[in-house]
Amino acid sequence: ARRSDVNPEITERFEFFVAGAELANGFSELNDPIDQYQRFKGQVDAKEATGDDEAMHMDTDFVKALSYGMTPTAGEGIGIDRLVMMLTNQHTIRDVLLFPAMRPEAPVVEAPIVNDANTCKKCGHDIQEELKPAKKGKGMFCIDGNACKQRASERT
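Going from the sequence shown to our numbering is simple: count from 1 and add 82.
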């Protein structure tokens, strides 16, 4: 979301609630190429520092496109599942999820990961040939991010 002209510490966004339930999010689109570059840079730096495979990459093509100019734009995202939940009088979003795999029958309890300097911080994997040190010496991470995610999901 775009930073506020009045207070740059906050962004222009809102949440729409009906009967105490969040139904949608709204926002002014970020159209400042310098601000967007700085945000991407912050995510890249965080990714390198922590080894987070899900952090955004630097999208220089997008920043370049913004530099040509983008008119002020707003957006809104409605949560269809939340709307269906309200229309069908369900008490939890899990009752209306389309994919049963996302609807666990019982609460999932994560297995504890051994916090050892020689194991992956995310999944607990301990085969040294498949691990790499995190940036700035903050533990170890799996070289294969997809395998790491799979192992982490199997632990639950």
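We put the CB at the ideal spot given by N, CA and C, even for glycine.
Note that the structure is predicted; figures quoted are calculated from it, not measured.
So, with DSSP's three-state summary, where would you put residue i?
i, result
"E104", "strand"
"G151", "coil"
"S86", "coil"
"E97", "strand"
"C230", "helix"
"G133", "coil"
"D114", "coil"
"R237", "coil"
"D75", "The requested residue 75 does not occur in the structure, where the chain is confined to residues 83 to 238."
Should residue i and residue j be called a contact, given that it needs their Cβ atoms to be closer than 8 angstroms?
i, j, result
"Q231", "F223", "The residue asked about is misnamed: residue 231 is Lys in this sequence, not Gln. No; because the gap between Cβ atoms is not below 8 angstroms, this pair is not in contact."
"R164", "E97", "no"
"M138", "Q125", "yes"
"A83", "F109", "yes"
"T107", "G159", "According to the sequence as given, residue 107 is Asn; it is not Thr. In contact: N107 and G159 (Cβ atoms closer than 8 angstroms)."
"F122", "D141", "yes"
"K203", "G227", "no"
"C205", "R237", "yes"
Just list the residues that DSSP pairs residue i with in beta bridges.
i, result
"L213", "C224"
"F109", "R95, G157"
"C202", "M222"
Kindly list the residues whose CB is nearer than 7 angstroms to the CB of residue i, restricted to its own chain and excluding five residues on each side of it in sequence; keep chain order.
i, result
"S86", "I92, T93, E94"
Residues in the same chain with beta-carbon distance under 6 angstroms from residue i, minus the five sequence neighbours each way, listed in chain order, please.
i, result
"V178", "D163, V166, M167, Q172"
By Cβ distance below 8 angstroms, which residues in the same chain neighbour residue i in space, the five residues on each side in sequence not counted?
i, result
"T153", "N113"
Every unbroken alpha helix (DSSP H) within the segment 152-182, with a cutoff of 4 residues, ordered by chain: 162-169
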